[in-house]
Amino acid sequence: YEVCREHALPMNGKEWQDIRAGRLQVLHSTPFKMVTIIKEMMHPDLRERPTSSELLKRQELLSEEQKQLMAEKHKVLEANMALARQAQKLKNLTPPRPRGLTRSNTWNGW
24 YEVCREHALP MNGKEWQDIR AGRLQVLHST PFKMVTIIKE MMHPDLRERP TSSELLKRQE
84 LLSEEQKQLM AEKHKVLEAN MALARQAQKL KNLTPPRPRG LTRSNTWNGW
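And the structure:
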């Protein structure tokens, strides 16, 4: 909030009371998604605030490298799912092999 507002949080007064009540001043140059995150983080009820673990998973807060890594992981997951589907199709196409020893009639009656 301080970074977006470009000044320190108030120590007291009306602005401080407004912040405590969850009424934040509009952050004109800040992207809407970031404003939403800031409002969530400064929610008056601390049980409603996201945890640090939850924040670290937010797409908006990831670095470009982290976003790229997640995209690559998603591609690998999709490829593995496609391979599993293909393997299932192949399994359904091939007849089951007999288990153990099988008896075949090789005697022609002589």
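Position in the sequence shown (first residue = 1) + 23 = the numbering used here.
Using N, Cα and C, we set each Cβ at its ideal position, and we do this for glycine too.
Every value quoted in this text rests on a predicted model; they were computed, and no experiment measured them.
Straight-line measurement puts the Cα of Ala102 at about 32 Å from the Cα of Arg122. Around Lys90, the same chain offers Gln82 as residues with beta carbons nearer than 8 Å, after the five sequence neighbours per side are excluded. In this chain, the alpha helix (DSSP H) harbouring Gln109 covers Glu87 to Leu116. Residues of the same chain with a CB within less than 8 Å of the CB of Ala31, apart from the 5 flanking positions on each side, are Glu25 in chain order. Rounded to the nearest whole angstrom, the C-alpha separation of Leu78 and Met65 is 13 Å. The shortest C-alpha to C-alpha distance from Pro67 to any of Gln111, Ala110 and Gly45 is the one to Gly45.
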